[in-house]
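Chemist: Under the working numbering, the residue at position 194 of the sequence shown is numbered 307, and the numbers go up by one with no gaps. We put the beta carbon where it would ideally sit given N, CA and C, even for glycine.
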Amino acid sequence: LAEEIKCKRNELFESVNAFRFNKKRVQVLTEAREFPEDAQGILYWMSRDQRVQDNWALLYAQKLALKQNLPLYVCFCLVPTFLNATIRQYHFMLEGLKEVQKELTDLNIQFHLLIGLAKDQVPKFVAEHKIGGLICDFSPLRTHKNWLQEMRKNLPSNVPLAQVDAHNVVPCWIASDKLEYAARTIRNKINSKLDEYLSEFPPVISHPVPAQIDCKPIDWDACFKSLECDQSVKIVKWASPGYLAGIKNLEDFIQNRLKNYDSDRNDPNKNSLSNMSPWYHFGQVSVQRCMVEVKKYASKFSNSVKGLMEETIVRRELADNFCYYQPNYDNINGANEWAKISLDAHRKDKRPALYSLSELENFKTADKLWNASQIQMRVEGKMHGFMRMYWAKKILEWTESPEQALEYSIYLNDKYNLDGRDPNGYVGCMWSICGIHDQGWAERAVFGKVRYMNFEGCKRKFDIERYCLKYMAK
Ligand code: FO1
Numbered sequence: 114l115a116e117e118i119k120c121k122r123n124e125l126f127e128s129v130n131a132f133r134f135n136k137k138r139v140q141v142l143t144e145a146r147e148f149p150e151d152a153q154g155i156l157y158w159m160s161r162d163q164r165v166q167d168n169w170a171l172l173y174a175q176k177l178a179l180k181q182n183l184p185l186y187v188c189f190c191l192v193p194t195f196l197n198a199t200i201r202q203y204h205f206m207l208e209g210l211k212e213v214q215k216e217l218t219d220l221n222i223q224f225h226l227l228i229g230l231a232k233d234q235v236p237k238f239v240a241e242h243k244i245g246g247l248i249c250d251f252s253p254l255r256t257h258k259n260w261l262q263e264m265r266k267n268l269p270s271n272v273p274l275a276q277v278d279a280h281n282v283v284p285c286w287i288a289s290d291k292l293e294y295a296a297r298t299i300r301n302k303i304n305s306k307l308d309e310y311l312s313e314f315p316p317v318i319s320h321p322v323p324a325q326i327d328c329k330p331i332d333w334d335a336c337f338k339s340l341e342c343d344q345s346v347k348i349v350k351w352a353s354p355g356y357l358a359g360i361k362n363l364e365d366f367i368q369n370r371l372k373n374y375d376s377d378r379n380d381p382n383k384n385s386l387s388n389m390s391p392w393y394h395f396g397q398v399s400v401q402r403c404m405v406e407v408k409k410y411a412s413k414f415s416n417s418v419k420g421l422m423e424e425t426i427v428r429r430e431l432a433d434n435f436c437y438y439q440p441n442y443d444n445i446n447g448a449n450e451w452a453k454i455s456l457d458a459h460r461k462d463k464r465p466a467l468y469s470l471s472e473l474e475n476f477k478t479a480d481k482l483w484n485a486s487q488i489q490m491r492v493e494g495k496m497h498g499f500m501r502m503y504w505a506k507k508i509l510e511w512t513e514s515p516e517q518a519l520e521y522s523i524y525l526n527d528k529y530n531l532d533g534r535d536p537n538g539y540v541g542c543m544w545s546i547c548g549i550h551d552q553g554w555a556e557r558a559v560f561g562k563v564r565y566m567n568f569e570g571c572k573r574k575f576d577i578e579r580y581c582l583k584y585m586a587k
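(1) Go ahead and pull the three-state DSSP assignment for Val346.
(2) From the DSSP output, in three-state form, read off Gln276 for me.
(3) Could you have a look at Asp480 and say whether DSSP puts it in helix, strand or coil?
(4) For Ser514 and Phe435, I'd like the C-alpha separation in whole angstroms.
(5) Under 8 Å, do Cys190 and Gln140 count as touching if we go by C-beta distance?
(6) Give, in chain order, every unbroken run of the alpha helix (DSSP H) that is at least 4 residues long and sits entirely within the stretch 520-563.
(7) Run the proximity test for Tyr539: is its beta-carbon closer than 7 Å to any non-hydrogen atom belonging to the ligand FO1?
(8) From Met566 to Tyr442, what does the alpha carbon distance come to, in whole angstroms?
(9) Below 8 Å between beta carbons: does that hold for Asn168 and Ala288?
(10) Is Gly498 helix, strand or coil by DSSP?
(11) Do Val398 and Met389 have their beta-carbon atoms positioned less than 8 Å apart in this structure?
(12) Measure the beta-carbon distance from Gln223 to Cys328 and round it to whole angstroms, keeping in mind my assumption that it falls under 8 Å.
(13) Using CA coordinates, which residue listed in Asn373, Lys291, Lys477, Gln214 is at the minimum distance from Cys188?
(14) Look at the alpha carbon of Arg460 and the alpha carbon of Lys587, and state the distance between them as a whole number of angstroms.
(15) Relative to the C-alpha of Ala240, which residue among Pro149, Leu311, Tyr580, Glu117 is closest?
(16) Using 10 angstroms around the beta-carbon of Pro323, count the other beta-carbons present and answer buried if the total reaches 16, otherwise exposed.
(17) Counting only runs that start and end within the stretch 235-310, where is the alpha helix (DSSP H) found for 4 or more residues in a row?
(18) On a Cα-Cα basis, can you pick out the residue from Val427, Glu309, Gln517 that is closest to Lys136?
(19) Please determine, among Tyr203, Val317, Arg146, Ala231, the residue with the shortest C-alpha to C-alpha distance to Ala134.
(20) Hey, would you say Pro193 sits closer than 8 Å to Ser339, going by beta carbons?
(21) Nearest CA to the CA of Cys249: which residue from Lys583, Glu313, Pro236?
(22) Round the Cβ separation of Val84 and Lys306 to the nearest angstrom and send it over; I've been treating them as touching at under 8 Å.
(23) Can you pull the DSSP bridge partners for Met404?
(24) Comparing the CB of Gly359 with every heavy atom of the ligand FO1, is any distance shorter than 7 Å?
(25) For the ligand FO1, enumerate in chain order all residues having a CB closer than 5 Å to any of its heavy atoms.
(26) Count the other CB atoms, across all protein chains shown, that sit within 10 Å of the CB of Glu556; report buried if there are 16 or more and exposed otherwise.
(27) Mark Met159 as exposed unless 16 or more other C-beta atoms lie within 10 angstroms of its C-beta, in which case mark it buried.
(28) Within 10 Å of its beta-carbon, does Glu117 have 16 or more other beta-carbons around it, so buried, or fewer, so exposed?
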């Protein structure tokens, strides 16, 4: 599939110049708009979208570089700690970046892996190498927003900076200009724009202007050594890092699992999900690319394709919308009033059991189905989508407060899942524990009006014994 995609890209667009870039994907963040006259290059500061092809931020950077006849550089700022990321996630990221470096080198584009914070590294690079224009990608999360804000303060004032949403199909700020209530309120806003945005990509081409910077080879071992992260969470085997491995997984999904996606996606015993979220999270594979490929099967597997597009585009972009417009995206203050009031009214309710973080982490609850899902996450670095809801809702039931439930669920999700620290993860926990993007349901103990899920309900949906047996959960 990777080869097929490559040919198609090159065939459709002979050069990036021939392609009209949709400027709505870009926000200029500085007053400066003109490149300084002595500019020696264009720089893309890569962060959320760690891939070469199918990346609107890099395409835009190259377009500018070609227009000005300047060399093109890409940098990535590696931080030693990042929201409790462990070696499991860092390994996935760094191995993916090795592929990025190789691919960029083949395209005559230098890749600089800078160790440290963007606020120190990027402005220094810009000043030292007379960078005339800076492009960055987009994330709705506060860490990235802060990185960007701090970096801008140190940037020479005559250098224009532009941000490109290279992650969402419809740029986050175009999809909606406000916090949306639910999938139903954003669905049409997104779907009605797909004709414009769900397009093929032009290729990033071999850059005709050679780099002028002395570029030392990257010492990847030193990069690994610079990390100050938990080394105890093991690297997973089923998902290999990088663009090519991600496309291989996509191909396997399309060939073998897509046909059953619609009927089987809520059955944790069936392997019918795309499992693309680790590659999506690190931006190693573009969501838009996957949707372009999957859409080719719209007439053959109509319901599956529809369902997958809903989950992958509408729901993911709803999660970005939530984090972008709701500063409290990972705490109870981000919940709707009805949910806050209702959860408050049930603060003192007796919990069926209370577990410590360590009991939860080590799957020591009395619920073997929950334990199985916790084992799946610990071992595989990815919990089945259906079980994620049950898992988080039970944490609400078994902890002292919704605040604690959110804290524990986000902590565990971020520690073990390869796709942790993502808008999707925060929104998943917030949906389960404080009802965001959901409605109120019949009131009951602990949950108040927040939707309830239980063991009996799961029993009616799938073979619980089989799932528990697979993970030898007791
Ligand atoms: N992005 C970076 O720019 N530098 C990092 O060192 C970095 C580490 C990292 C570790 C785990 C993980 O899940 C993501 C990580 N990211 C890193 C990517 C990060 O998710 C994106 O930059 C987001 O946009 C931040 O909100």
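Modeler: Once the coordinates are examined:
(1) Residue state, collapsed to three classes: coil.
(2) Reduced to three states, the DSSP call for Gln276 is strand.
(3) In the three-state scheme derived from DSSP, where H, G and I count as helix and E and B as strand, Asp480 is classed as coil.
(4) 23 Å
(5) no
(6) 536-547
(7) no
(8) Cα-Cα distance, rounded: 23 Å.
(9) Their beta carbons are not under 8 Å apart, which means Asn168 does not touch Ala288 by this criterion.
(10) helix
(11) yes
(12) 5 Å
(13) The shortest Cα separation from Cys188 among Asn373, Lys291, Lys477, Gln214 belongs to Gln214.
(14) Taking the Cα positions, Arg460 is about 30 Å away from Lys587.
(15) Pro149
(16) exposed
(17) As summarised for the stretch 235-310, the continuous alpha helix (DSSP H) elements at least 4 residues long and confined to that stretch are 255-267, 285-288, 296-304, 307-310, given in chain order.
(18) Glu309
(19) The sequence shown places Phe at residue 134, rather than the Ala named in the question. Nearest C-alpha to Phe134: Val317.
(20) Contact flag set, yes.
(21) The option with the nearest alpha carbon to Cys249 is Pro236.
(22) With the chain covering 114 to 587 only, the question about residue 84 has no answer from this structure.
(23) Bridge partners of Met404: none, in fact.
(24) no
(25) Ser160, Arg161, Leu191, Val192, Phe195, Ala198, Gln202, Ser252, Leu254, Thr256, His257, Arg534
(26) Classification of Glu556: exposed, given that the 10 Å Cβ count is below 16.
(27) The C-beta of Met159 has 16 or more other C-beta atoms within 10 Å across all chains shown, which makes the residue buried.
(28) exposed
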